[in-house]
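Peer 1: The numbering of the sequence shown is the working numbering, which starts it at 1 and goes up by one. Each residue gets a CB set at the ideal place from its N, CA and C atoms; glycine is no exception. Quick one: the structure is below, questions incoming.
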Amino acid sequence: MRRLGMLLAMVVVGTAALAQKANAPKIDPQRIRAHVKYLASDELEGRGMNQKGGDLAADYIAAQFKSYGLKPAGENGTYFQQVPMVGVKTVADTTFGLVPASGAPVELKALDDYVTTDEQQKESVEINAPIVFVGYGISAPEYQWDDYKGYDLKGKVALLFVNEPVSEDPNFFKGKALTYYGRWTYKFEETARRGAIATLIIHREDLASYPWTVVRNSWGGEKSFLKLDGTPKLAAASWIQQEVARKLVGMAGLDLDKLFQQAQSRDFKPIPLPVSLRAHIVSSIHPFNSRNVLGMVRGSNPARNGEAVLYTAHYDHFGIDKSKPRGANIFHGAADNATGCGIILELGRVWAATKPAAARSILIAAVTAEEQGLLGSEYLGKHTAQLPVRPILDLNYDDLPPIGIPEEVEVVGAERTSFYPIVEEVAKEFHLTIRPDSRPEAGHYYRSDHFSLGRVGIPAFSVSEGMKYQGHDTAWGQAEAKEYVDNRYHQPTDVYEPSMDFRGDAFMAEFGYALGQKAASEPTIPMWLKGDEFEAAQKKLLGAK
Ligand SMILES: [Zn+2]
C-alpha cells in the first residue's frame, strides 16, 4: 500500500512538474461548453458567412479575446482581418457545348451533364477553344511525373481525370494515400497556372469517392471565392459526367477506358482532340467582406518573439436557410466547429494568463469561410507578411466530438515535420496513443484549415481525438463517429446538448497548450521534412522573410 502510495505520489509530482513549468490557469471544460452553447444557439443563426450570425460570432470572439487581455493582431489595431470575397453563381442563360471538327455539335445540360463556375468572376464570358486530354493533369517533380511534357495549355481547355496515378508503392504518390495532386482543387489551380481558359474534370465516382449528386449539389448554387489577387483562374472550372466524357472522346474516335490506361504511364503525353468547347457563361457576381479574428500574446524573448505558434479554428458554418421552414433551417454547427472555437478561446485565455510568457509569441486565429473551401485560412496564409508576428507552426482544431476523454489523438501531417518527435513525447506524457489516418485515400489533410498554412510552408496539422475513449472500446468510438456523420454532420441537427461532455475537448486543448509551450521555447523552428511536398514552400517562405 505504502509503496503504491509513493509511486502514485511520484507520478502526480512528475505530471505536475511537466504541466506547471510556466504558471498558467487550467483549461476549463465548462468554459468551452459555454462558448459552444452560445455559438451554436439559435441567436447565432448557424454563423453563416456574410450573414448576421457570422458577424455576431466574429464580434463575440473578438470581445472574448479582449477580455482575456490578448492583443489585437488584425488590421489597424483591431482584432479583425478583412477577407475580401466574391460570390459567383452560374445562371440559366449559360450554354455549354461540344463542337467536333466534323459532325454535329452537342449541347450539354446544366447540372445533369456538367457544372461550371467562372473563377475569373466576370458577368459574362465567351469560350471557343480546343480541348486537350492531359491525363491526370499532374506535374510532380518529386515523383518524376509530368503529364504536360512541355505542352502549352494557353487559351486551351484541359480535360482530365480526378485523383492520381494508381499505386500501392508508398514512395510513389504515397501509395494508397491521396496527395494534394489528386484533389480537384489542385487540378483547377495547376491548369490555370498553365494558362488554360477552362478545365473539365471527368467525374468517376470510384475515383472521386463521392457520387455526381455531391458535385451537383455543391456546385449548383452560389460559390464563394477570394477576391481576385493575381492568382491565375479559369473562366470555366467544370466537372463533366463520365458518360459525357465518353461521348466527347468518342467524337475524336477515342475510347475513355483506354485513355485512362494511358494516363497511368510516366510516358503519357497530352492528346489534343479535334473537339472544341463552345460556351457562353453568365454569372451573377456579388462582392462582400468577411472577417478573420486574430489575437496574440507577445513572447518574452526579443530575439524570438517575432515568431509565433499559431492556433486556428474556423468559426463559420452554413448559416440559416430562409427558404426552409423555421425550426429546421439553422445549421447550428455545434460540433462543426463551435467546439474548435471553444478550444482556441480557452487556449487564448490561458496563454494570456501564462506567466512568464513563452519565448516566442502566441497567435490565435478564428477563421472564416472554411465551409466555402478553406477561404479564410487561405487568405491568412497568403498574408502572413502583414501579421505582427510570423507563424512557425499551426495547430488547428476542427470538429472535436464532445463525448468524453480520449485515449487517442490524431495529428495527421505532424509525422511529415521535424516537430514529430516532440508530438510523440507530449502524447506519451498525456497517455495518448497517436492514431494514424484511418482513410488516407480520402485526403483529409487537404480538407481542413491547417492545409492553407501548410501549403505556404508553415508546418501545420489538426489536433483531434481518435476513436478510443476512456471507458469504451474503439468500436464504440467508431459507432459514435458514424452516428454523427449519418445524422448530424453538416445538417441542422448538429446542435448543442446539455449532455455533451467537454472534458475531452479540454484535454485536446491542454495537449495543444503543451505542444505550443515546446514549439514556443525550442531553439529551432519546426520544418517540413526533406522531400515533403511543402518543403520548397517553406524554403521560399523563410528566404523571403
Ligand atoms: Zn464542416
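#1: Please state if the CB of Val83 and the CB of Asn396 are separated by a distance shorter than 8 Å.
#2: For ligand 1, is there a heavy atom less than 7 Å away from the beta-carbon of Asp336?
#3: If you reduce the DSSP assignment to three classes, tell me which class Gly295 lands in.
#4: Let me know the alpha helix (DSSP H) ranges lying completely inside the stretch 224 to 259, each 4 residues or longer, listed in chain order.
#5: Any heavy atom of ligand 1 within a distance shorter than 7 Å of the CB on His490?
#6: Whose C-beta lies closer than 8 Å to the C-beta of Asp336 among residues of the same chain, with five residues either side of it excluded?
#7: Nearest to Phe225 by alpha carbon, out of Gly87, Arg360, Ala252 and Gly69?
#8: Got a sec? Which residues, its chain only, sit under 6 Å from Gln538 by beta carbon, not counting five neighbours each side?
#9: Assuming Asn292 and Ala366 form a contact by the criterion Cβ under 8 Å, report the distance between their Cβ atoms to the nearest whole angstrom.
#10: DSSP three-state call for Ser600: helix, strand or coil?
#11: What are the boundary residues of the beta strand (DSSP E) that includes Lys546?
#12: Quick check: the Cα distance between Ile138 and Lys247, rounded to an integer number of angstroms?
#13: Would Tyr79 pass as a contact of Leu345 if the rule is Cβ separation under 8 Å?
#14: Within the same chain, show all residues whose beta-carbon is closer than 8 Å to that of Ser124, passing over the 5 residues directly before and after it, in chain order.
#15: Can you tell me whether Asp449 is buried or exposed, with buried defined as 16 or more other CB within 10 angstroms of its CB?
#16: Sort out for me which residues DSSP pairs Glu346 with in a bridge.
#17: Given that a residue counts as buried once 16 or more other Cβ atoms are within 10 Å of its Cβ, and exposed if not, what is Ala263?
#18: So is the beta-carbon of Glu371 under 7 Å away from any non-hydrogen atom of ligand 1?
#19: What are the start and end residues of each continuous beta strand (DSSP E) run of 3 or more residues lying completely inside the stretch 340 to 408, in chain order?
#20: Should Asp113 be counted as a contact of ligand 3 given a C-beta to heavy atom distance under 7 Å?
#21: Any chance you could list the alpha helix (DSSP H) runs of at least 4 consecutive residues sitting entirely within the stretch 24 to 90, in chain order?
#22: Using a Cβ-Cβ cutoff of less than 8 Å, which residues in the same chain neighbour Arg455 once the five nearest sequence positions on both sides are dropped?
#23: Buried or exposed, going by whether 16 or more other CB atoms sit within 10 Å of the CB of Leu542?
#24: Which first and last residues belong to the alpha helix (DSSP H) in which Tyr469 is found?
#25: Once you ignore the five residues that flank Gly342 on each side, which residues in its own chain have a CB closer than 7 Å to its CB?
#26: Just to confirm my understanding: we take Pro287, look at its own chain, exclude 5 residues before and 5 after, and list those with CB closer than 6 Å. What are they?
#27: Between Gly348 and Tyr68, is the Cβ-Cβ spacing less than 8 Å?
#28: Take the Cβ of Asn163 as the centre, count every other Cβ of all protein chains shown within 10 Å, and call the residue buried at 16 or more, exposed below.
#29: Return the residue from the list Arg183, Tyr151, Tyr445 and Pro141 that minimises the CA-CA distance to Phe172.
#30: Helix, strand or coil, according to DSSP, for Glu533 in the structure here?
#31: Do Leu310 and Leu277 have their beta-carbon atoms positioned less than 8 Å apart in this structure?
Peer 2: In this structure, then:
#1: no
#2: yes
#3: strand
#4: Runs found: 242 to 251.
#5: yes
#6: His317, Asp398, Asp399, Tyr489, His490 and Asp494
#7: Gly87
#8: Within the same chain, Gln538 has close Cβ partners Gly457 and Trp528.
#9: 7 Å
#10: Since the first residue of the chain shown is 1 and the last is 545, residue 600 is not available in this structure.
#11: With the chain represented from 1 up to 545, any question about residue 546 goes unanswered, as that position is not in the structure.
#12: 24 Å
#13: no
#14: His280, Ile281, Val282 and Ser283
#15: buried
#16: The partner list for Glu346 (beta bridge, DSSP) is empty, contrary to what the question assumes.
#17: Looking at its Cβ environment, which holds 16 or more other Cβ atoms inside 10 Å, Ala263 is buried.
#18: yes
#19: 361 to 367 and 390 to 396
#20: The model on display carries ligand 1 but not ligand 3.
#21: 29 to 39 and 52 to 68
#22: Tyr180, Gly381, Phe534 and Ala537
#23: The residue in question, Leu542, is exposed, as its Cβ has fewer than 16 Cβ neighbours within 10 Å.
#24: Following the DSSP letters along the chain, one finds Tyr469 in no alpha helix (DSSP H), marked with neither H nor E.
#25: For Gly342, the CB contacts under 7 Å within the same chain, skipping 5 residues up- and downstream, are Ile32, His35, Val36 and Asp505 in chain order.
#26: Val86
#27: yes
#28: The residue is buried, with at least 16 neighbouring Cβ atoms inside 10 Å.
#29: For Phe172, the nearest C-alpha among the options comes from Pro141.
#30: coil
#31: no
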